[in-house]
């Protein structure tokens, strides 16, 4: 089992210019360890959604650049929920069909191939699974519709319009 008391921060972190910590709990653990260079340590929240990480990731070109057709349309990304997220999938698919009927919307729907059976076959919808990272899809989009994913935080960091249609949740 991992122990913060036994972790040698001095030795492990001496090569780094900055140390990003997820939360106050971890920061306090490092502080209690008597790490000598706390100026290097910064609490940034979940690394996945920190501005520092997102800009570094972009500079390292981790995510593919997406260039689907119809770039002049509103680029709408829908992040489908997991089946265990307790949403009315029929209502979500009805919403997708409705949005796909608008000619000024370029629609991309990301789903988990082994978890959701896609029952809509419309040429105006681009269905994606893992051929693009969610970050790449968010970069491509103008608007993101989600059903409870934490990826919404990356959307906020990237100043996307984010929609959470609460009415499809069985938990409301």
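Residue numbers (the numbering used here): -12 to 159.
Heads up, the beta-carbon is just placed ideally off N, CA and C, and yes, glycines get one too.
Tell me which same chain residues have a C-beta within less than 7 Å of the C-beta of residue i, skipping the five on either side of it?
i, result
"residue -4", "17, 20 and 22"
"residue 92", "60, 61, 63 and 86"
"residue 39", "7 and 31"
My assumption, with CB atoms under 8 Å, is that residue i sits in contact with residue j. Please give the rounded CB distance.
i, j, result
"residue 8", "residue 123", "Not confirmed; about 27 Å, so no contact."
"residue 94", "residue 111", "6 Å"
"residue 27", "residue 5", "6 Å"
What are the start and end residues of the beta strand (DSSP E) that includes residue i?
i, result
"residue 65", "61 to 66"
"residue 149", "148 to 150"
Taking the straight line between their C-alpha atoms, what separation do you get for residue i and residue j?
i, j, result
"residue 11", "residue 30", "7 Å"
"residue 76", "residue 135", "14 Å"
"residue 2", "residue 149", "39 Å"
"residue 14", "residue 0", "14 Å"
"residue 45", "residue 88", "33 Å"
"residue 82", "residue 107", "11 Å"
"residue 195", "residue 35", "Because the chain spans -12 through 159 in this model, residue 195 falls outside it and cannot be assessed."
"residue 118", "residue 55", "13 Å"
"residue 129", "residue 25", "39 Å"
"residue -2", "residue 69", "41 Å"
"residue 42", "residue 113", "27 Å"
Between residue i and the rest of its own chain, which residues show a CB-CB distance below 6 Å, the 5 nearest in sequence each way excluded?
i, result
"residue 157", "73"
"residue 152", "none"
"residue 37", "31"
Within a Cβ cutoff of 8 Å, which residues of the same chain sit near residue i, ignoring the five residues on either side of it in sequence?
i, result
"residue 78", "154 and 155"
"residue 125", "64, 131, 138, 141, 142, 145 and 147"
"residue 67", "79, 96, 97, 98, 99, 103 and 134"
"residue 109", "84 and 87"
"residue 49", "120 and 122"
Taking the alpha helix (DSSP H) that residue i falls in, what are its first and last residues?
i, result
"residue 124", "121 to 127"
"residue 94", "Premise fails: residue 94 lies in the beta strand (DSSP E), 92 to 97, not in any alpha helix (DSSP H)."
"residue 110", "Segment: none, residue 110 is in no alpha helix (DSSP H) and carries neither H nor E."
"residue 132", "Taken as a continuous stretch (DSSP letters only), residue 132 belongs to no alpha helix (DSSP H), being part of the beta strand (DSSP E) at 130 to 133."
"residue 79", "76 to 87"
"residue -3", "-4 to 0"
"residue 140", "139 to 144"
Does residue i have its Cβ less than 7 Å from a Cβ in chain C?
i, result
"residue 139", "In the structure shown, chain C does not exist; there is a single protein chain."
Which ranges would you report for the alpha helix (DSSP H) in the region 9 to 42 if only whole runs of at least 4 residues count?
11 to 19
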